[in-house]
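Using our numbering, the letters of the sequence shown map in sequence onto residues 537 to 913. Single-structure report; data block below.
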Amino acid sequence: GVRSDVAVKVYGDDFPAMEKTAAQLVQILKGIDGAEDVRMEQTSGLPMLEVKLDKDAIARYGLNISDVLDVLSIAVGGREAGLVFQGDRRFDILVRLPDNLRQDLKVLETLPVLLPATDDIFADRIASQPHARPAYIPLKQVAKLEVTDGPNQVSRENGKRRVVVQANVRERDIGSFVKDAQAAIDSQVKLPAGYRLEWGGQFKNLEEAKSRLQLVVPACFFMIFLLLFTALGSVKQALLVFSGVPLALTGGILTLWLRGMPFSISAAVGLIALSGVAVLNGLVMITRVNQLVREGVEAERAIVEGALSRLRPVLMTALVASLGFVPMAIATAAGAEVQKPLATVVIGGLLTATILTLLVLPAIYNRFNLAHDQLPQ
């Protein structure tokens with residue numbers, strides 16, 4: 537249920553102690569650069585009617601506690617007293633005080649509480665006056681009513697009570713913000729025994745995504761290399777084409793830096809997509825060079841002709857992908873914080889990958905004499 541960029545969850549058992557800790561966290565987070573909309577979950581402040589029973593007085597009058605509470609329950613909450621039928625429909629008849637009286641403590645304190653008719657105090661009166669009205673006492677003689685501040689809500693998670701402090705982050709990345717906040721909290725906040733803190737919000741999603749990417753990215757690059765080896769039949773040439781990946785990543789990260797944007801999960805996803813396009817362009821060119829070498833063309837001439845013949849397909853692939861991401865790169869509407877890093881990485885990476893693919897890959901191909909692998913043995 538946490539929708540803010542950063543959330544600090546305080547777990548414990550005693551709400552006053554948890555609220556005190558949460559108030560300290562609010563003050564600390566407000567002092568961290570980039571913090572906006574810092575707020576604490578409202579856990580108290582709900583008006584409640586508190587009934588303090590005088591058990592000694594209740595015993596003296598021969599009453600039960602339920603007799604007193606039933607009077608107040610009927611007056612405030614109401615009780616069903618019958619049914620009204622209208623055709624096939626039926627409605628409950630509810631007996632209770634009007635709204636304006638239910639909120640008046642003076643009226644509630646004067647509610648009549650019926651004394652038991654068999655009580656010895658009234659035995660003589662009942663015997664001598666069989667039709668006498670039963671005796672009553674006001675509610676205030678056996679109970680004291682007060683309006684107090686009660687809990688607004690009681691949130692629990694994993695069996696423990698929880699209070700959440702939330703904050704949004706502006707003009708900086710969430711990771712560095714949380715790092716500064718954790719250092720400040722560790723030095724200034726001392727938690728009582730049995731209490732603990734947990735970080736959540738979008739920051740938790742970021743951490744979970746990082747852990748998944750640590751598995752996905754290596755697996756993705758391994759699959760790319762495996763496909764390259766299958767297509768080219770040579771480890772050296774597969775490594776040559778795969779070298780286009782770091783060339784593309786360099787351009788994507790440089791573009792992020794030039795735009796002053798932090799590295800994020802969406803940027804990482806953009807890098808993965810960028811790697812595929814960069815490898816595709818390299819594969820198209822190297823495949824053409826290999827084809828010319830197998831046809832008997834001299835290695836250097838094959839490299840030049842292969843690069844020139846595949847210039848147009850490589851440029852078309854890069855331009856189509858780059859221009860398609862331009863609206864996302866300049867977006868300002870809702871969701872722009874996700875779209876802009878991804879588009880920025882793809883556009884910047886494709887620019888550098890295209891240039892380096894056309895210049896660096898042919899040079900590496902010639903330097904390590906990879907054309908020799910394509911000659912008939």
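Ideal placement from N, C-alpha and C gives every residue a C-beta, glycine not left out.
Query	Result
Extent of the continuous alpha helix (DSSP H) to which alanine 720 belongs	710-724
Buried or exposed by the 16-neighbour rule on C-beta atoms within 10 Å, applied to methionine 852	exposed
Straight-line Cα distance separating alanine 803 from alanine 838	37 Å
Residue burial classification, glycine 884 (beta-carbon count within 10 angstroms, cutoff 16)	buried
Limits of the beta strand (DSSP E) - the one that leucine 585 falls within	580-589
With 16 other Cβ atoms within 10 Å as the buried cut-off, status of isoleucine 657	Confidence at isoleucine 657 is low in this model, with a pLDDT of 49, below 50, so the placement of that residue should be treated as unreliable; the coordinate-derived value is given next. So isoleucine 657 counts as exposed.
Spatial neighbours of methionine 797 in its chain, beta-carbon cut-off 8 Å, leaving aside the 5 residues before and after	Ala803, Lys876, Pro877 and Thr880
Buried versus exposed, by CB contacts within 10 Å (16 or more), threonine 684	exposed
Rounded separation between leucine 816 and asparagine 741 - CA only	32 Å
C-beta atoms of arginine 638 and valine 612 nearer than 8 Å	yes
As assigned by DSSP and simplified to three states, the class of aspartate 635	helix
Length-filtered (4 minimum) alpha helix (DSSP H) runs lying within the region 720-799	738-768, 771-778 and 780-794
In DSSP terms, what threonine 684 is bridged to	Met584
Contact set for glutamine 718: own chain, Cβ-Cβ below 8 Å, skip 5 residues either direction	Trp735
Residue span of the beta strand (DSSP E) that contains asparagine 704, given as start and end	696-705
Test item: CB-CB of leucine 886 and valine 813 under 8 Å	yes
CA nearest to the CA of tyrosine 731, picked from Asp541, Asn905, Val542 and Ala558	Ala558
Cβ neighbours of alanine 865 in the same chain (closer than 7 Å, five flanking residues each side left out)	Lys876, Ala879, Thr880 and Ile883
For methionine 576, the residue or residues it bridges with in DSSP	Val701
Residue of Glu577, Leu630, Arg626 and Val607 minimising C-alpha distance to arginine 692	Glu577
Exposed unless 16 or more other CB atoms sit within 10 angstroms - verdict on leucine 644	buried
Boundaries of the beta strand (DSSP E) in which tyrosine 547 is found, first to last residue	542-548
Helix, strand or coil at tyrosine 672 according to DSSP, with G and I counted as helix	strand
Environment of glycine 581 [buried if 16+ CB atoms lie within 10 Å]	exposed
Glycine 651 versus tyrosine 597: straight-line alpha-carbon distance, rounded	Correcting the residue identity first, residue 651 is leucine in this sequence and not glycine. Using only the alpha carbons, I get a separation of about 7 Å.
Span separating the alpha-carbon of aspartate 590 from that of arginine 697	32 Å
Nearest-angstrom Cβ-Cβ length linking leucine 810 and alanine 784, presumed shorter than 8 Å	5 Å
Buried versus exposed call for valine 546 [16 or more other C-beta atoms within 10 Å across all chains shown]	buried
Cβ separation of glycine 737 and aspartate 541, assumed to be a contact under 8 Å, to the nearest whole Å	6 Å
8 Å Cβ cutoff met for alanine 767 and leucine 819	yes
Three-state secondary structure (DSSP) of aspartate 628	strand
Inter-residue spacing [alpha-carbon to alpha-carbon] between lysine 642 and valine 678	14 Å
For phenylalanine 621: DSSP bridge partner residues	Arg626
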